[in-house]
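Residue numbering for the sequence shown follows the numbering used here, beginning at 2 and increasing consecutively.
A short write-up of the structure that comes next.
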Amino acid sequence: MSNLADKYPRISDMKERAIKRMPHFAAEYLFSGTGYDRAMDHNQEILKNIFLTPRYLKGTVKADLKTKLFNRIYDAPFGIAPIGMTSLIWPGAEITLANLANKVNIPYTLSTVACASIEKVGMHLDNNGWFQLYPPKDKNIRDDLLKRASDSGFEILVITSDIPASSRRERLRMAGV
């Protein structure tokens, strides 16, 4: 098989392989939602009902996915979202994802709770770095995180408001995490 699309024709094929290669607790963290996964399951069900309909015999089209966002041109209208503790899921993942984002010119958002340091990841980004901040209660810690991100070349700040309190993840509890 010559490429990933041949080897893994569906995302679910890649997911099955990934689960076998990562620690159980990491797979449970990555593939679970909060509570009993109801919101995640609902969102996945909605996505299953979206169909892209090809238009045949309409001539040739040179697709251009370039998108301008925050005064920067990216090659696609999406980026790599922040995931906490990524390098626990796969060793060196933050650096690998930063390099990939650079290569294909899409944003990479580093999580506040990443395993790799802000400075180390920043060295691998060429203005494609966004920094996601879980605002800590201590303003000194917040200011330090923001300064380190800015000094490391992260130009876009993503403020996360999805966790006003600790989340309850039933699958993690059952996995012993």
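Beta carbons: idealized from backbone N, C-alpha and C, even for Gly.
Only a predicted model underlies this, so the values are computations on that prediction, with no experimental measurement involved.
Within 9 Å, strictly: CB atoms of residue i and residue j
i, j, result
"ASP76", "ASN100", "no"
"TYR109", "ILE81", "yes"
"ILE157", "PHE52", "no"
"ILE47", "PHE32", "no"
"THR113", "THR54", "no"
Buried/exposed call for residue i, threshold 16 Cβ in 10 Å
i, result
"GLN133", "buried"
"ASN128", "exposed"
"LEU58", "exposed"
"HIS25", "exposed"
"GLU29", "buried"
"ALA64", "exposed"
"ALA102", "buried"
Cβ-based neighbour list, residue i, same chain, cut-off 6 Å, excluding 5 preceding and 5 following
i, result
"VAL122", "GLU95, ALA99 and LEU111"
"TRP91", "none"
"THR68", "TYR75 and PRO78"
"ALA150", "ILE119 and PHE132"
"TYR135", "THR113 and THR161"
Own chain residues within Cβ distance below 7 Å of residue i, not counting five before or after
i, result
"CYS116", "MET86, THR87, SER88, LEU89 and GLU95"
"ALA27", "LEU89 and ILE90"
"MET2", "Model confidence at MET2 stands at a pLDDT of 45, short of 50, so the residue's coordinates are unreliable; what they give is reported in the following sentence. If we look at MET2 and ignore the five residues flanking it on each side, its Cβ neighbours are LYS8."
"GLU171", "GLY36 and TYR37"
Other residues of its chain near residue i: CB distance less than 8 Å, five sequence neighbours each side excluded
i, result
"ALA40", "GLY34"
"PHE1", "No answer is possible for residue 1: it lies beyond the span of the chain, which begins at 2 and ends at 178."
"LEU5", "MET15"
Quiz prompt | Every unbroken beta strand (DSSP E) inside the stretch 110-140 [3 residues or more] | solution = Complete beta strand (DSSP E) runs here, min 3: 130-134.
Quiz item: Counting only runs that start and end within the stretch 13-66, where is the alpha helix (DSSP H) found for 4 or more residues in a row?
Solution: Counting only runs of 4 or more residues that sit fully inside the stretch 13-66, the alpha helix (DSSP H) segments are 25-31 and 39-49, in chain order.
Practice problem: Write down every uninterrupted run of the alpha helix (DSSP H) in the stretch 72-103 whose length is 4 residues or greater and which is fully enclosed by it, in chain order. | Solution: Correct list: 87-90.
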